[in-house]
Structures are given as C-alpha cells and as structure tokens.
Amino acid sequence: MSQSSSPRSHFEGNGHSSNGHSLPSQTQVFDIASIPEIKIPPRVLMGAGPSASYPEALRAMGANTLGHLDPEFLGIMSNVGTMLRRVFKTENPITGAIPGTGTAGMEAALCNLIEPGDEVLALVFGYFSNRMRQMAERMGAVLTVVERPWGTAFTPEEVETALKGMKRPKVVMVVHAETSTGILQPIDEIARIAHEHGALVVADAVTSLAGCPLLTDEWDIDVVFSGTQKCIGAPPGLAPITFNPRAMDAIRNRKVPVQSWYLDMSLVETYWGDQGSGGRAYHYTAPSNALFGLHEALRMTLIEGLENRHARHEMHSTAVMAGLQTLGLDPFAQEGFRLWQINSVKVPQGIDDQMVRTRLLKDYNIEIGAGLGPVKGQIWRVGVMGYSANRSNVLLLLSAMEDILADLGHKVEQGRATEAAQNIYHDYDRQKKAKEAPIRLETQHNEDNVGESIPSESVAQGVAHQD
Ligand SMILES: Cc1ncc(COP(=O)(O)O)c(C=O)c1O
Numbered sequence: 010m011s012q013s014s015s016p017r018s019h020f021e022g023n024g025h026s027s028n029g030h031s032l033p034s035q036t037q038v039f040d041i042a043s044i045p046e047i048k049i050p051p052r053v054l055m056g057a058g059p060s061a062s063y064p065e066a067l068r069a070m071g072a073n074t075l076g077h078l079d080p081e082f083l084g085i086m087s088n089v090g091t092m093l094r095r096v097f098k099t100e101n102p103i104t105g106a107i108p109g110t111g112t113a114g115m116e117a118a119l120c121n122l123i124e125p126g127d128e129v130l131a132l133v134f135g136y137f138s139n140r141m142r143q144m145a146e147r148m149g150a151v152l153t154v155v156e157r158p159w160g161t162a163f164t165p166e167e168v169e170t171a172l173k174g175m176k177r178p179k180v181v182m183v184v185h186a187e188t189s190t191g192i193l194q195p196i197d198e199i200a201r202i203a204h205e206h207g208a209l210v211v212a213d214a215v216t217s218l219a220g221c222p223l224l225t226d227e228w229d230i231d232v233v234f235s236g237t238q239k240c241i242g243a244p245p246g247l248a249p250i251t252f253n254p255r256a257m258d259a260i261r262n263r264k265v266p267v268q269s270w271y272l273d274m275s276l277v278e279t280y281w282g283d284q285g286s287g288g289r290a291y292h293y294t295a296p297s298n299a300l301f302g303l304h305e306a307l308r309m310t311l312i313e314g315l316e317n318r319h320a321r322h323e324m325h326s327t328a329v330m331a332g333l334q335t336l337g338l339d340p341f342a343q344e345g346f347r348l349w350q351i352n353s354v355k356v357p358q359g360i361d362d363q364m365v366r367t368r369l370l371k372d373y374n375i376e377i378g379a380g381l382g383p384v385k386g387q388i389w390r391v392g393v394m395g396y397s398a399n400r401s402n403v404l405l406l407l408s409a410m411e412d413i414l415a416d417l418g419h420k421v422e423q424g425r426a427t428e429a430a431q432n433i434y435h436d437y438d439r440q441k442k443a444k445e446a447p448i449r450l451e452t453q454h455n456e457d458n459v460g461e462s463i464p465s466e467s468v469a470q471g472v473a474h475q476d
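Just so we're aligned: the sequence shown equals residues 10 to 476 in my numbering.
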C-alpha cells in the first residue's frame, strides 16, 4: 500500500498546500516550551457547581490507574454501588455511576425509557427542567409541557390536571432541586399521582443528592440521576444513577432498542451488576481514577452521615441568607420551597451583576453563580454544598460582598452581614451543646455509616473539618 506522507508529516504539516503554495509549517510555529505547566489558582467555589472536592477524593484520583476488570477495581466499583444505594436511599440493584457529567445521567435516564411516540410530561420551571424537555423532544416523545414562572414550584394538583389531559402518559420528568432558581420541588406526591396514571417518574437529583432529603424507594421514584460535583464533593465527570425494577422492566420490554449503545442500561447492567453470572462483561473502559474519587467522596459523605450533611447545609444556608439579607439582597425563590444548597437572591437595583462577580473572583478568589436565561443579570446563586459548605467560606463571602457592594455605592452597614451569620452559628452551637450534653458518654451510632466499623477518629475528622 502506498503512503503519500509519513504519519508525522500528515499531522504536523508538510509546508505545502494542495495548490502548491507554501504554508507556514506547524512544526516551525509550534514550540511546546510556549505551553506552560498548568498552575491552578485557588478558588472558593460557592456557585451553582462545581463545589470544592474533598481532599480525600482528589488524593485517590492521583493513584495509579487500574484496569476495568482488575479484581481490585471491581471491589472498589462494588463499594461505590453499595455507598450510592445508601446515599440514594434505595435497594435498587441497578445503581452506579455513568461516565459523563449530570447531563449524561439525564440522557441515560430519558433515552432508556422514552421510545419515539411515547407520551411524556415535562414540568418546566427553570433551566434544567427545560433541558429535560429538549432532550425528550429529540428522542421523539409526544410532549405535554406545563410551565411555571422561574422561582416557583409545581403543586400536585397542577401535575394531576396535566396527566388527566394525556392519553397514555409513559414518563413524568421532574427536577428535584432546580439549580437555576434555587427551588426545591417536592416529588413524593408527584410520583404517587404519576403512578396512578401509569407513568414512570424520572427525577433530576443533580443538586439534591446528599444535599437534602431524597428518599428514592420511600417516594417510589423510578429513575433518579445526579452528578458528583455538587453535594457529594467529588470533581465533575460521573453521573450517579439508579433504576428501580419497574423502570428496568420498561427498558427490557421496549419495542425498539435504545438508540444510544453506550448508555443502553440493558447492556450497562452486564458490567455494573454481577447478575449471578459469575463475572462482569466489558461494556466500556470504566474511568477508574474518577471512580476512586467518587468512592472517597461517598465514604466521607457517609462518615459524616446523610442527616448531618443535610443539617450542615441547612445551617450554612440560614447563615448566608441572614447575612445577604442585611445587605439588602432579597430572596428570589418562593418561600417554603427554598433550597439550602443553592441560595438565590435578587441583584439590587442599579448594581452590575457581572462587575460584582468579577471582583469577587479577582479580589477574593470567590466564585458565585449568575442568573441563567430569563433571570440573567437579575439573580445571584450562592452555593453552600458539600465540602464548600463551611463557616470560613460563608463569612469570607459575606465580608467580600459587603466590601464590593459598598464600593459600588450600595448602602450597607459595615459588619452587619457577618454579624448576622455569626448569630445564626452561635444559635446552632448553643442548640448542639444542649443536645450533646446528656449523651456524652453513650456510644454514637450513625445509621448511614457503611462498612463494618468506622474508627471514631475518622468520624471526628469527617465532621470537624467541615463545620
Ligand atoms: C439540576 C441540574 N440538572 C442537570 C445539570 C447538568 O449537570 P452537568 O452540568 O453536570 O452536566 C445541572 C448542572 O448544574 C443541574 O444543576
């Protein structure tokens, strides 16, 4: 076989175009010395995600890579599944983490359940619920779309009315924690109503998993997907997901195969679940180092305990909101449906949203979230999630915000924001002390812990370095 150019000249350029004119050779202009080693700046991640990763997760990701069928790796994968079941609060055998970010989880959930022509209900009340609608549309769903103003949540009655107007609804898509607005959408009632109408429920828990209560089995949610980079505390790159037996039956009884070979759960399950066949079949090369990171972040989550994690989010949310409100930043999300993990506030009149965020980043290394779509420039989203949810971050942000807003001419009372947050922390500290006093000598038992026993020293570290 003749070859017109060596592989080297093919990729690096031979200095001639097809019409014979001279072109600058890429080998001449490219100098690897011009590309510096990356130096990652420090950042306080208090935006809509990612949040900071646990040092334990980052350290584990730097270990040597393992093959996807290495017995050591299979053990790690199996423990990831076990811990994910604890965090999702489910017994579903088909529970694992798909390579890709939260959107890959969304794609996997929807492409497995939806066949062209299926009737699907989209509950749209923000950016991510709209992304689900767009995906289902591309998959050939016959959509019924109900919309709510951004910053509000659906009532069960609205969902019921929509379902009554459909012939044979197959899937109801709902976002549990709408990151774009800071709304917590209750999904237990929605699931009950959906099942009464014979529909499956897919819930987006990208921001809710490990952030606030999410009871997959108790609420009977058929498919729940998430991401690693929010309340779990691992870097972005994996999408935890769980399918219940009802959802797996629907997948096995499809009329046409799932269009995506990669995400087809009937194939993925042969690798994830050792279905009594005595082995796992290769489906794709598992991203082993990313899974090491998730393993450690999940371990840290369960050492802390899910309820403690939720309580920590609630406390820091209460503190940050108290501080932001003294700066004249009003809450955006509907009262009674506010997330702890994502605190959305209105940008005050006359203040340039972009300028504030740029200064936070440049002067303080702090990232907060901007408004998306229809609320662009109108809201800020302050995340207190996972490893990022701690007092020093909250107090630093409030002090920085106070400084920047005052400099931009916004009326603030010096020191009030951090004082308001500190008052909240002091209240929590007093309550905690009062609760702890009578049980000081008792053995602590944490029902979310996995593994045989976790040394009390790790438990102390897990919680102490977070508070
Ligand atoms: C609620 C929600 N759903 C889906 C996504 C998409 O996840 P990712 O950006 O990890 O793909 C996000 C990301 O922020 C989200 O907050």
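Every residue gets a Cβ at the ideal spot worked out from N, C-alpha and C, and that includes glycine.
- Linking methionine 330 to asparagine 88 through their CA atoms gives a straight-line distance of about 37 Å.
- Per DSSP, reduced to three states, the secondary structure at proline 249 is strand.
- The count of Cβ pairs closer than 8 Å, one atom from the segment 149-165 and one from the segment 292-307, stays below three, leaving the stretches out of contact.
- Arginine 140 has its Cβ nearer than 8 Å to a heavy atom of ligand 1.
- When C-alpha distances from aspartate 361 are compared across Ala66, Trp389, Thr112 and Leu209, the shortest belongs to Trp389.
- Of Ser269, Val232, Ala61 and Arg366, the smallest CA-CA separation from histidine 292 is found for Ser269.
- In the DSSP annotation of this structure, the continuous segment of the alpha helix (DSSP H) that includes lysine 173 starts and ends at 165-173.
- A residue is called buried when at least 16 other Cβ atoms come within 10 angstroms of its Cβ; lysine 239 meets this threshold and is buried.
- Counting along the chain, proline 108 sits inside the beta strand (DSSP E) bounded by residues 103-108.
- Inter-residue distance for phenylalanine 252 and aspartate 273 is about 12 Å (C-alpha atoms, whole angstroms).
- By the Cβ rule, the segment 206-216 counts as touching the segment 170-189, because three or more pairs are nearer than 8 Å.
- The straight-line gap separating the alpha-carbon atoms of arginine 318 and alanine 243 is approximately 15 Å.
- Between glutamine 194 and histidine 185, the C-beta spacing is below 9 Å.
- Bounds of the beta strand (DSSP E) holding leucine 152 are 151-156.
- For glutamate 422, the secondary structure class from DSSP, reduced to helix, strand or coil, is coil.
- Along the segment 360-428, the alpha helix (DSSP H) occurs as fully enclosed runs of 4 or more residues at 362-373 and 400-416, listed in sequence order.
- Between the segment 392-403 and the segment 49-61 there are three or more inter-stretch CB-CB distances shorter than 8 Å, so the stretches are counted as touching.
- Shown here, arginine 347 sits in a strand according to DSSP, grouped into three states.
- Residue side-chain check: valine 184 places its Cβ nearer than 8 Å to a non-hydrogen atom of ligand 1.
- Pairwise C-beta distances place the segment 402-412 in contact with the segment 366-379, as three or more of them are shorter than 8 Å.
- Methionine 175 and methionine 141 have their alpha carbons spaced roughly 19 Å apart.
- In this chain, methionine 274 is not harboured by any beta strand (DSSP E); it is covered by the alpha helix (DSSP H) spanning 274-281.
- Set against 8 Å, the gap from the CB of glutamine 238 to the closest heavy atom of ligand 1 is smaller.
- Beta-bridge partners assigned by DSSP to asparagine 352: Val391.
- Isoleucine 377 and phenylalanine 97 have their C-alpha atoms roughly 27 Å apart.
- If you ignore the 5 residues before and after proline 51, its C-beta comes within less than 6 Å of the C-beta of Asn374, all in its own chain and listed in chain order.
- Within the same chain, Asp231 come within 6 Å of arginine 255 by CB-CB distance, once the 5 residues on both sides are set aside.
- Using a cutoff of 8 Å, the CB of glutamate 187 counts as near ligand 1, since one of the ligand's heavy atoms is closer than that.
- Three or more Cβ pairs closer than 8 Å define a contact, and the segment 161-172 meets that threshold against the segment 129-141.
- Between isoleucine 44 and alanine 113, the alpha-carbon positions lie close to 31 Å from each other.
- Rounded to the nearest whole angstrom, the CA to CA distance from alanine 295 to threonine 104 is 15 Å.
- Taking 8 Å as the cut-off, one finds no heavy atom of ligand 1 near enough to the beta carbon of phenylalanine 252.
- Taking all protein chains shown into account, phenylalanine 301 has 16 or more neighbouring C-beta atoms within 10 Å of its C-beta and is therefore buried.
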